[in-house]
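Residue numbers (this note's numbering): -1 to 179.
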């Protein structure tokens, strides 16, 4: 079997979880069944696309036409790990959106997420934090009220000091840090 794509040769025999895993499984199962009956050998080889091997242009044209053809109406994605990850992500986001619509939208979290969640950060937050993950996480914690300041820390460690280390005001809050210190 010849291919003009060396990456395809490696990917088609890879049965570990990846986006094309179902095609790899199908490819490996079919020759296994053929070899079981015929007792012969199959070799995968790379050849340059401008090669003069008989049929290479026809194979390339067939591959292009199948790649651009629409899926049949009864097509269902195979049950691979990549498909399961995608489906679970979609379910999680839709559940998150339902919770977002049913919640009290006056809470601090709605400052960070003023529209239903999509699974990606809102542009305002991602651009404000730049490329620093630490800055991004700190910004989200500040907006949602989960920054490790006195008022939040007191929830988990009631015996720890909750005053502001700069000015001494008791119960250090996010608003106090931003507005006063």
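Where is the CB? At the ideal position from N, CA and C, for every residue including glycine.
Everything numeric in this text was worked out from a predicted model, so none of it was measured.
Beta-bridge partners assigned by DSSP to residue 44: 1. Residue state for residue 105 is assigned as coil, using DSSP reduced to three classes. Rounded to the nearest angstrom, the gap between the Cα atoms of residue 7 and residue 63 is 20 Å. In this structure, residue 114 places its C-beta atom within 8 Å of the C-beta atom of residue 99. Residue 108 is not a Cβ neighbour of residue 43, given a cutoff of 8 Å. Following the DSSP letters along the chain, one finds residue 27 inside the alpha helix (DSSP H) bounded by residues 19 to 36. Closest by C-alpha distance to residue 88, out of 176, 66, 118, is 118. Scanning its chain for C-beta atoms nearer than 8 Å, with the 5 sequence neighbours on each side dropped, one finds around residue 29 the residues 40, in chain order. A check of alpha carbon separations from residue 166 across 73, 179, 103 identifies 179 as the nearest. Within the same chain, 44 come within 8 Å of residue 4 by CB-CB distance, once the 5 residues on both sides are set aside.
When the Cα atoms are used, residue 174 and residue 128 turn out to be separated by approximately 24 Å.
DSSP places residue 73 in no alpha helix (DSSP H); its state is neither H nor E.
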